[in-house]
Amino acid sequence: MNTSHTWDLSCSPFIESMGTNYAPSPDEILELKALLIQPYAELARLEAEIARALCEKEKISSFIEAHRALMSPVRQIPEEVLAEIFLHCLPTDRNFAIRSLDEAPLLLTTICRDWRRVALDTPRLWSTLHVYLPSHLSTQAISRRAAGISTWLGRSGTLPLSISFRAKLSYQEFPDEAPDDQWPPVLTDDVKSFICALTSFGHRFSDLFLSLPVPHLTLFDECSANCRFSSLHTFHVQDADFYHYPAGPIPGGDARLTSLLTRTTALRGLGISDGFCVDSGYLALPVDWELLTDLYLRHHDDLGLVPREVLRIIQRTPNLRNLHIRLTISQEHPLDSAAILNIMLPRLVNLRLEFARSSQNIHLESAIVRAQTSSIFRSFSVPSLKMLSIGTPSWARGSDTLVDLTSVYDGSRIPFHNLETLELALAITSDELTRCLSSSPELVSFKFENNQGIESLCFSESHLSALTPSHANPVPLCPKLSSIRLFYLPWKTNGIITASSIINFVLARATTLKLFDLFLRDYLSFTEDDLATLRKLKNDGLNMRLRIGRLFRPQDSPSFGLLPSEPLLTADRNQISSDNVDMHFIIDGTTEIIV
Numbered sequence: 022m023n024t025s026h027t028w029d030l031s032c033s034p035f036i037e038s039m040g041t042n043y044a045p046s047p048d049e050i051l052e053l054k055a056l057l058i059q060p061y062a063e064l065a066r067l068e069a070e071i072a073r074a075l076c077e078k079e080k081i082s083s084f085i086e087a088h089r090a091l092m093s094p095v096r097q098i099p100e101e102v103l104a105e106i107f108l109h110c111l112p113t114d115r116n117f118a119i120r121s122l123d124e125a126p127l128l129l130t131t132i133c134r135d136w137r138r139v140a141l142d143t144p145r146l147w148s149t150l151h152v153y154l155p156s157h158l159s160t161q162a163i164s165r166r167a168a169g170i171s172t173w174l175g176r177s178g179t180l181p182l183s184i185s186f187r188a189k190l191s192y193q194e195f196p197d198e199a200p201d202d203q204w205p206p207v208l209t210d211d212v213k214s215f216i217c218a219l220t221s222f223g224h225r226f227s228d229l230f231l232s233l234p235v236p237h238l239t240l241f242d243e244c245s246a247n248c249r250f251s252s253l254h255t256f257h258v259q260d261a262d263f264y265h266y267p268a269g270p271i272p273g274g275d276a277r278l279t280s281l282l283t284r285t286t287a288l289r290g291l292g293i294s295d296g297f298c299v300d301s302g303y304l305a306l307p308v309d310w311e312l313l314t315d316l317y318l319r320h321h322d323d324l325g326l327v328p329r330e331v332l333r334i335i336q337r338t339p340n341l342r343n344l345h346i347r348l349t350i351s352q353e354h355p356l357d358s359a360a361i362l363n364i365m366l367p368r369l370v371n372l373r374l375e376f377a378r379s380s381q382n383i384h385l386e387s388a389i390v391r392a393q394t395s396s397i398f399r400s401f402s403v404p405s406l407k408m409l410s411i412g413t414p415s416w417a418r419g420s421d422t423l424v425d426l427t428s429v430y431d432g433s434r435i436p437f438h439n440l441e442t443l444e445l446a447l448a449i450t451s452d453e454l455t456r457c458l459s460s461s462p463e464l465v466s467f468k469f470e471n472n473q474g475i476e477s478l479c480f481s482e483s484h485l486s487a488l489t490p491s492h493a494n495p496v497p498l499c500p501k502l503s504s505i506r507l508f509y510l511p512w513k514t515n516g517i518i519t520a521s522s523i524i525n526f527v528l529a530r531a532t533t534l535k536l537f538d539l540f541l542r543d544y545l546s547f548t549e550d551d552l553a554t555l556r557k558l559k560n561d562g563l564n565m566r567l568r569i570g571r572l573f574r575p576q577d578s579p580s581f582g583l584l585p586s587e588p589l590l591t592a593d594r595n596q597i598s599s600d601n602v603d604m605h606f607i608i609d610g611t612t613e614i615i616v
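According to the working numbering, the residues represented by the sequence shown are 22 to 616, in order.
In structure tokens, the structure reads:
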């Protein structure tokens with residue numbers, strides 16, 4: 022066979038049969054086998070040569086990479102600079118690090134020996150920690166976790182510590198009607214050892230968040246009995262089991278809270294929520310109220326603070342900079358004009374107020390409710406206020422509005438003209454919202470949530486148009502606005518806001534807008550050109566997210582109604598129920614658009 026044409030198919034004696042269903046005869050099969058002897062041999066030779074070349078290539082590449090690594094710029098970074106870089110790797114979306122190898126600081130210890138050494142020798146990486154103690158852990162697991170906490174916090178040197186501690190009780194052992202002598206349960210010695218290991222660092226606690234059942238809080242108090250929390254600046258406590266058995270606050274929690282607060286000497290921030298109510302009143306707590314700069318009080322509606330008590334507390338805290346309170350409006354504790362106080366909060370920058378009604382006053386007349394909420398705003402002066410958040414519960418029905426914003430403008434001393442951030446989660450009339458926006462020329466960030474699903478009490482097309490610069494609107498409302506978040510819960514969004522108004526707003530504000538977050542209940546008619554425009558803006562750096570929520574999946578899928586071959590576990594049944602709610606992301610700030 023001519024070697025120059027050895028692998029040329031056109032020179033094969035079987036060329037006419039190739040690509041057909043022709044079946045060769047026995048003699049032709051022998052001829053085919055003989056014909057392939059040389060090709061097989063040549064193929065084996067080439068594969069061996071390729072393997073040798075690849076092996077040589079791998080050796081050369083390894084040689085090059087080993088020497089290039091010595092020239093890596095990161096090797097030239099001084100250790101103190103590398104440690105500073107590591108600090109910027111800590112999560113920014115929360116205040117506490119967690120025990121996860123997927124995040125800093127633990128992630129940094131898995132890269133290489135030198136990075137591990139630098140990370141372990143950087144105390145600031147280990148000065149914050151969230152600790153969770155579930156009820157199902159074995160004695161050995163609790164001991165290991167306690168040892169890990171001691172090791173972690175031991176690496177922080179002498180720095181102040183920011184600690185979050187959450188624990189749970191097991192309710193499988195306690196039926197709905199458990200005898201009184203079985204509640205609260207007695208915690209095991211290993212749990213006590215765990216809490217004692219944590220409280221051994223109590224003298225360095227700077228920020229402390231406790232979400233504990235009363236038995237755990239009792240142990241925490243006992244284990245830290247000899248500890249003076251002299252470095253503690255911020256303390257937040259929450260009853261982790263308030264909504265479990267038995268319902269409501271468990272006796273003893275307020276006494277333990279009082280005991281812990283007695284040992285604080287430098288407290289500047291205080292938070293109490295979900296059940297730790299003090300029978301004698303908050304002002305009886307051993308707290309130097311005048312020193313507080315941050316105050317957070319939030320409870321269940323039936324146990325919330327009534328307006329009169331709120332005003333008495335605020336009157337004692339003139340140096341507040343941040344205030345977040347949930348108030349419960351009730352007919353039993355009216356706030357009349359005689360109770361209105363003239364409270365000065367000259368340093369208050371951030372104010373969050375939530376208004377609710379107790380279950381006994383669910384049908385309380387709106388006029389009474391609005392009168393009491395208005396009295397709150399008229400009672401204090403906040404000349405330095407920059408952020409205002411007003412919210413009402415989502416379970417309100419009909420066109421009920423708990424807050425009369427008109428009276429807030431007219432009768433209060435809220436400096437809307439100085440506000441930079443405004444958050445509203447309440448039913449509000451169109452005129453009230455327009456006036457609110459027009460009164461806030463310095464507004465930089467705006468968030469609105471229509472949490473009651475009432476189309477007539479909502480941020481609408483007219484408001485978005487008023488915020489959109491155009492030839493017809495050369496002086497838009499809130500000219501400094503750079504962040505806007507809108508959450509709609511009505512069943513039908515069409516008619517409230519349109520795709521074209523969204524496009525016009527985003528394009529007109531493109532040079533100054535940094536964040537645009539929109540959640541709708543149903544689809545808007547975005548064209549392909551609209552979506553292309555939004556994609557380009559997002560690619561150019563705009564943090565934008567448009568989400569469409571569908572309450573139910575279409576009941577016409579091929580698998581709808583199909584029963585599983587085996588009985589479902591309870592968890593599986595719950596999963597199927599939750600699957601009925603489907604969130605479809607059109608635009609997500611970090612993912613590609615899905616249409």
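Just so it is clear, CB atoms sit at the ideal spot from N, CA and C, and this is done for glycine as well.
Leu238 vs Leu229 beta-carbon contact at 8 Å: The residue you call residue 238 lines up with position 217 of the sequence shown. The residue you call residue 229 lines up with position 208 of the sequence shown. Taking 8 Å as the Cβ cut-off, Leu238 and Leu229 do not qualify as a contacting pair.
Ala72: first and last residue of the uninterrupted alpha helix (DSSP H) it sits in: In the sequence shown, residue 72 corresponds to position 51, counting from 1. Segment 58-91, the alpha helix (DSSP H) holding Ala72.
Could you round the C-beta distance between Phe480 and Leu507 to whole angstroms and report it? I think they count as a contact, below 8 Å. Taking the first residue of the sequence shown as 1, we reach residue 480 at position 459. Taking the first residue of the sequence shown as 1, we reach residue 507 at position 486. The beta carbons of Phe480 and Leu507 sit about 6 Å from each other, so the pair counts as a contact at 8 Å.
Cβ contact check for the stretch 168-181 and the stretch 140-151: 3 or more pairs under 8 Å: A contact between stretches requires three or more CB pairs, one per stretch, nearer than 8 Å, and the stretch 168-181 meets this requirement with the stretch 140-151.
With contact counted as at least three CB pairs below 8 Å, one residue from each stretch, are the stretch 119-131 and the stretch 102-111 in contact? Verdict: yes, contact present.
Phe256, enclosing alpha helix (DSSP H) - first and last residue: Here residue 256 refers to the residue found at position 235 when the sequence shown is read from its first residue. That residue, Phe256, is in no alpha helix (DSSP H); its beta strand (DSSP E) goes 255-260.
Asp48 to Glu68 span [Cα, whole Å]: Translated into positions along the sequence shown, residue 48 becomes position 27. Translated into positions along the sequence shown, residue 68 becomes position 47. The straight-line gap from Cα to Cα measures roughly 31 Å.
Between Asp262 and Pro234, how many whole angstroms is the CB-CB distance? I'm expecting something under 8 Å. As a position in the sequence shown, residue 262 is number 241, starting the count at 1. As a position in the sequence shown, residue 234 is number 213, starting the count at 1. Here Asp262 really is in contact with Pro234; their C-beta atoms are around 4 Å apart, less than 8 Å.
Rounded to whole angstroms, what is the Cα-Cα separation between Glu311 and Pro328? Your numbering for residue 311 matches position 290 in the sequence shown. Your numbering for residue 328 matches position 307 in the sequence shown. Spanning the alpha carbons of Glu311 and Pro328 requires a straight line of approximately 20 Å.
Could you round the C-beta distance between His320 and Ser294 to whole angstroms and report it? I think they count as a contact, below 8 Å. Here residue 320 refers to the residue found at position 299 when the sequence shown is read from its first residue. Here residue 294 refers to the residue found at position 273 when the sequence shown is read from its first residue. Confirmed, Cβ separation roughly 6 Å.
Neighbourhood of Leu536 by C-beta distance below 6 Å, restricted to the same chain and skipping five residues each side: Here the question's residue 536 lines up with position 515 in the sequence shown. Ser504, Asn564, listed in sequence order.
Cα separation between Leu318 and Asp550? In the sequence shown, counting from the first residue as 1, residue 318 sits at position 297. In the sequence shown, counting from the first residue as 1, residue 550 sits at position 529. Rounded to whole angstroms, Leu318 to Asp550 spans 48 Å at the Cα level.
Let me know if Asp452 comes out buried or exposed under the rule of 16 or more other beta-carbons within 10 Å of its beta-carbon. As a working note, residue 452 is residue 431 in the sequence shown. Exposed.
Between Leu326 and Leu348, how many whole angstroms is the CB-CB distance? I'm expecting something under 8 Å. Against the sequence shown, residue 326 aligns to sequence position 305. Against the sequence shown, residue 348 aligns to sequence position 327. The C-beta distance from Leu326 to Leu348 rounds to 6 Å, short enough to meet the 8 Å contact threshold.
Rounding to the nearest angstrom, what Cα-Cα distance links Pro236 and Ile216 in this structure? Numbered from 1 along the sequence shown, position 215 holds the residue referred to as residue 236. Numbered from 1 along the sequence shown, position 195 holds the residue referred to as residue 216. In a straight line, the C-alpha of Pro236 is about 11 Å away from that of Ile216.
Using only the alpha-carbon positions, how far apart do Ile36 and Ala65 sit? For this step, residue 36 is matched to residue 15 along the sequence shown. For this step, residue 65 is matched to residue 44 along the sequence shown. Distance between the alpha carbons of Ile36 and Ala65 is about 24 Å.
Going by beta-carbon coordinates alone, are Leu281 and Asp309 separated by less than 8 Å? On the sequence shown, residue 281 is found 260 positions in, with the first residue counted as 1. On the sequence shown, residue 309 is found 288 positions in, with the first residue counted as 1. No; because the gap between Cβ atoms is not below 8 Å, this pair is not in contact.
Compute the distance between the beta-carbons of Asn363 and Leu406, then report whether it is under 8 Å. In the sequence shown, residue 363 corresponds to position 342, counting from 1. In the sequence shown, residue 406 corresponds to position 385, counting from 1. Going by C-beta atoms, Asn363 is not nearer than 8 Å to Leu406.
Residue from Val258, Phe437, Leu454 whose Cα sits closest to the Cα of Pro462: By 1-based counting over the sequence shown, the position of residue 462 is 441. The shortest C-alpha separation from Pro462 is found at Phe437.
Helix, strand or coil at Phe230 [DSSP, three-state]: For this step, residue 230 is matched to residue 209 along the sequence shown. Three-state result, Phe230: strand.
How far does the beta strand (DSSP E) with Lys468 in it extend, from its first residue to its last? Position 447 of the sequence shown, counted from the first residue, corresponds to residue 468. It spans 466-471 - the beta strand (DSSP E) in which Lys468 sits, taken as one unbroken run.
Could you check whether Ser221 and Leu20 sit closer than 8 Å to each other, using their CB atoms as the reference points? Missing from the structure shown is residue 20; the chain here goes from 22 to 616 and no further.
Which class does His484 belong to by DSSP, given the choice of helix, strand or coil? For the purposes of this step, residue 484 is taken as the residue at position 463 of the sequence shown. In the structure shown, His484 sits in a helix (DSSP, three-state: H, G or I).
Secondary structure of Val235, DSSP reduced to three states: To locate residue 235, count along the sequence shown from 1; it is residue 214. DSSP, read as helix, strand or coil, puts Val235 in helix.
Excluding the 5 residues preceding and the 5 following Tyr303 in the sequence, name in chain order all residues of the same chain whose CB lies nearer than 6 Å to its CB. The residue labelled residue 303 in the question sits at position 282 within the sequence shown. Excluding positions up to five away in sequence, the list reads Ile334.
In whole angstroms, what separates the C-alpha of Ala167 from that of Ser214? Locating residue 167 in the sequence shown gives position 146, where the first residue counts as 1. Locating residue 214 in the sequence shown gives position 193, where the first residue counts as 1. Those two C-alpha atoms are separated by around 8 Å.
What span of residues does the beta strand (DSSP E) with Phe152 cover, start to end? Against the sequence shown, residue 152 aligns to sequence position 131. It should be noted that the sequence gives Val, not Phe, for residue 152. Segment 149-154, the beta strand (DSSP E) holding Val152.
In whole angstroms, what separates the C-alpha of Arg418 from that of Glu375? Mapped onto the sequence shown, residue 418 falls at position 397. Mapped onto the sequence shown, residue 375 falls at position 354. With a pLDDT of 42 at Arg418, under the threshold of 50, the modelled position of this residue cannot be trusted; read the value that follows with caution. Cα to Cα, the separation comes out at about 17 Å.
CB contact flag (Leu341, Thr314, <8 Å): Here residue 341 is taken as the residue at index 320 of the sequence shown, counted from 1. Here residue 314 is taken as the residue at index 293 of the sequence shown, counted from 1. In this structure, the beta-carbon distance from Leu341 to Thr314 falls below 8 Å.
Can Gln455 and His484 be called in contact, C-beta distance under 8 Å? Residue mapping note: residue 455 aligns to position 434 of the sequence shown, counting from 1. Residue mapping note: residue 484 aligns to position 463 of the sequence shown, counting from 1. For clarity, residue 455 is Thr in the given sequence; the question names Gln instead. Their beta carbons are under 8 Å apart, which means Thr455 touches His484 by this criterion.
Along the chain, where does the beta strand (DSSP E) that runs through Ile411 open and close? The count along the sequence shown starts at 1 and reaches residue 411 at position 390. Note, Ile411: beta strand (DSSP E), 408-412.
From Asn173 to Asp260, what distance separates their C-alpha atoms? Locating residue 173 in the sequence shown gives position 152, where the first residue counts as 1. Locating residue 260 in the sequence shown gives position 239, where the first residue counts as 1. Reading the sequence as shown, one finds Trp at residue 173 and not Asn. Trp173 and Asp260: Cα-Cα distance of roughly 26 Å.
Can you grab the Cα-Cα spacing for the pair Ser31 / Leu75, in whole Å? Here residue 31 is taken as the residue at index 10 of the sequence shown, counted from 1. Here residue 75 is taken as the residue at index 54 of the sequence shown, counted from 1. Ser31 and Leu75: Cα-Cα distance of roughly 32 Å.
If you compare alpha carbons, which of His151, Ala118, Leu366 is closest to Arg337? Mapped onto the sequence shown, residue 337 falls at position 316. Comparing Cα positions, the closest option is Leu366.
Could you tell me whether the Cβ atoms of Thr519 and Glu470 are closer together than 8 Å? Taking the first residue of the sequence shown as 1, we reach residue 519 at position 498. Taking the first residue of the sequence shown as 1, we reach residue 470 at position 449. No Cβ-Cβ contact shorter than 8 Å links Thr519 with Glu470.
What does DSSP give as the partner residues of Ser402 in its beta bridges? To locate residue 402, count along the sequence shown from 1; it is residue 381. Ser402 pairs with Met365, Arg434.
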